[in-house]
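Trainee:
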Amino acid sequence: MRKGLIEVGIIVFGLLGNIAAVTAQVDHVSINSRQFELNKVARLRVNMVAQNDDVSRLSFYIRQLDDGNVQQQKLTVQGINHFLFQLSGTDVVSDPNAQLMITQDTAAGVATLAIMAVFDAPYSVNSATLVSNLDNQQTSPVATPPVMRASKTRQVDHRLAQEPSLPAPSSVKSAQQVRCLIERDNSDTLWRIANRYKEQWHTSVYGAMLAIFETNLLAFSKQKIHLLVKDVPLNCPSTAILAEYNNKAFDKKVFEMIEAKHGEK
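With the sequence shown counted from 1, adding 10 to any position gets you this note's numbering.
Take a look at the structure:
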C-alpha cells in the first residue's frame, strides 16, 4: 500500500448521494447505513478505504442545530473489518438536517475531509449486529454447497461409531461451521464465484465478493482483492458479515475503490 505524504490544505466538500470526495490519504468514505431515527442516539456504519488502513488520525462528529446554536458531538469508532466502521454517539440527534463531519489530524492542524447529510443515508436495522473482530469472521456459516453434504454425512456417521469419545456439543457445532466451504474450481474468478452465490446469500455480486474477501483474506495473494489464489479452500461468509453488504450501490463503490487501490504498483 502506498504511503504518500498527506496533502495539507486540500479540503474537498463533495456530496453525491451519500458518497463524498476526500483527500489522497483516504480514497473513499461513505455512510453504509443509518441505524437510528430522528430523536434517537446516533448509530452509523461508515465505509472507509484508506491508503494505509490507518484511521487513528480521523475523527467523526455529528453536527446539528439546536435552537439556532450549532452543536457537535464526537462519535466513538469501532472497526468491523478493514473497510467498515461502526460509529456511536451518546446524545440524541434532533435536527433532520444533521451532518456527519469527518476530520483528519495533520501536521498543519485539523483538516476536514468530508461532510455528509446523515438522514440521506439508508436506514437499516439488519446492519446493527457487530462482528467483534477479524478472528471471528468464519463463525456461523450460511451456505453449505451440495458437494460438501456427503462428506459431512460420512463424518457424522464416523462420530456416531465413536460415540464414547464424542466432543461437547459446542465443539461439534464449531467444527461443522469451519467445514462450510464455497464450491469452486481453479478456473473460477472471484466475480464468477460471487455471481453464483449472490442469490443464496441475498446480496449483490459486489456484496458477495466483499464478503468472500473479508472471510478469506489469506486466500488472496498479498491480501489484494484481485489476486485470488488457486487451490485454496474458501470458507462461507457468516450471516453477520453478509448483513454488512446490503446496499448494492455502496458495495459496488467500495469494491471499485479497493480494486483500484490494490491494483496500484
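In this text, a Cβ means the ideal position worked out from N, Cα and C, and glycines have one as well. None of these values were measured; they are calculated from a predicted model.
Of all the options L85, S69, D37, K234, which has the alpha carbon lying nearest to the alpha carbon of L54?
Mentor: L85
Trainee: For V73, which beta-bridge partners are listed by DSSP?
Mentor: Strictly speaking, residue 73 in this sequence is Arg, with Val absent from that position. Answer is Q82, Q109.
Trainee: If distances are taken between C-alpha atoms only, which option among L123, Q96, D105 comes closest to F129?
Mentor: D105
Trainee: Counting pairs of Cβ atoms below 8 Å between the region 63–76 and the region 96–111, do you hit three or more?
Mentor: Counting Cβ pairs under 8 Å, three or more are found: they touch.
Trainee: Taking the alpha carbon of E224 as the point to measure from, which residue in K240, H212, E254, A121 has its own alpha carbon closest?
Mentor: E254
Trainee: Using 10 angstroms around the beta-carbon of L238, count the other beta-carbons present and answer buried if the total reaches 16, otherwise exposed.
Mentor: buried
Trainee: Can you find the residues in the same chain that come closer than 7 Å, C-beta to C-beta, to A229, ignoring five residues on each side of it along the sequence?
Mentor: L238, V239, V242, L244
Trainee: How many Å lie between V103 and D77 at the Cα?
Mentor: The alpha-carbon atoms of V103 and D77 are separated by roughly 13 Å.
Trainee: Between I192 and S98, what straight-line distance do the alpha-carbon atoms span, to the nearest angstrom?
Mentor: Rounded to the nearest angstrom, the gap between the Cα atoms of I192 and S98 is 34 Å.
Trainee: Taking all protein chains shown into account, do 16 or more other C-beta atoms lie within 10 angstroms of the C-beta of D261, making it buried, or fewer, making it exposed?
Mentor: By the 16-neighbour rule on beta-carbons within 10 angstroms, D261 is buried.
Trainee: Nearest to V51 by CA position, among K232, T100, I125, is which residue?
Mentor: Residue T100 is the option with its Cα nearest to V51.
Trainee: Does the beta-carbon of G202 have 16 or more other beta-carbons within 10 angstroms, so that it is buried, or is it exposed?
Mentor: The sequence given here places Arg at residue 202; Gly does not occur at that position. The residue is exposed, with fewer than 16 neighbouring Cβ atoms inside 10 Å.
Trainee: Alpha carbon to alpha carbon, how far is N49 from Y133?
Mentor: 14 Å
Trainee: According to DSSP, F95 sits in a beta bridge with which residue or residues?
Mentor: V56, G89
Trainee: Among all the DSSP beta bridges, which residues are the ones paired with L191?
Mentor: N245
Trainee: Figure out for me which residue from F95, E266, L227 has the closest Cα to the Cα of S66.
Mentor: F95
Trainee: Is it right to say V36 is buried, meaning 16 or more other beta carbons lie within 10 angstroms of its own, or is it exposed?
Mentor: Buried is the call here.
Trainee: Taking only three categories from DSSP, how would you classify K232?
Mentor: helix
Trainee: From T116 to A60, what distance separates their C-alpha atoms?
Mentor: 15 Å
Trainee: In the DSSP assignment, find the alpha helix (DSSP H) that holds H212 and state where it starts and stops.
Mentor: It is not in any alpha helix (DSSP H) - H212 carries neither H nor E in the DSSP assignment.
Trainee: From the DSSP output, in three-state form, read off I41 for me.
Mentor: strand
Trainee: In the DSSP assignment, find the unbroken beta strand (DSSP E) run with A259 in it and report its ends.
Mentor: Careful: A259 lies outside any beta strand (DSSP E), inside the alpha helix (DSSP H) at 258–272.
Trainee: Just the C-alpha distance for G3 and V87, rounded to the nearest angstrom, thanks.
Mentor: It is not possible to answer for residue 3, since the shown part of the chain is limited to 11 through 275.
Trainee: Using 10 angstroms around the beta-carbon of Q82, count the other beta-carbons present and answer buried if the total reaches 16, otherwise exposed.
Mentor: exposed
Trainee: Keeping to the same chain, check which residues put their C-beta closer than 8 Å to that of A138; ignore five residues upstream and five downstream.
Mentor: Because A138 carries a pLDDT of 36, less than 50, the predicted location of this residue cannot be relied on, and the following value inherits that uncertainty. Within the same chain, A138 has close Cβ partners Q45, R53.
Trainee: Please look up how many angstroms separate the CB atoms of F265 and L220, rounded, as I've assumed it's under 8 Å.
Mentor: 6 Å
Trainee: For V51, name the three-state secondary structure that DSSP assigns.
Mentor: V51 falls in the strand class under three-state DSSP.
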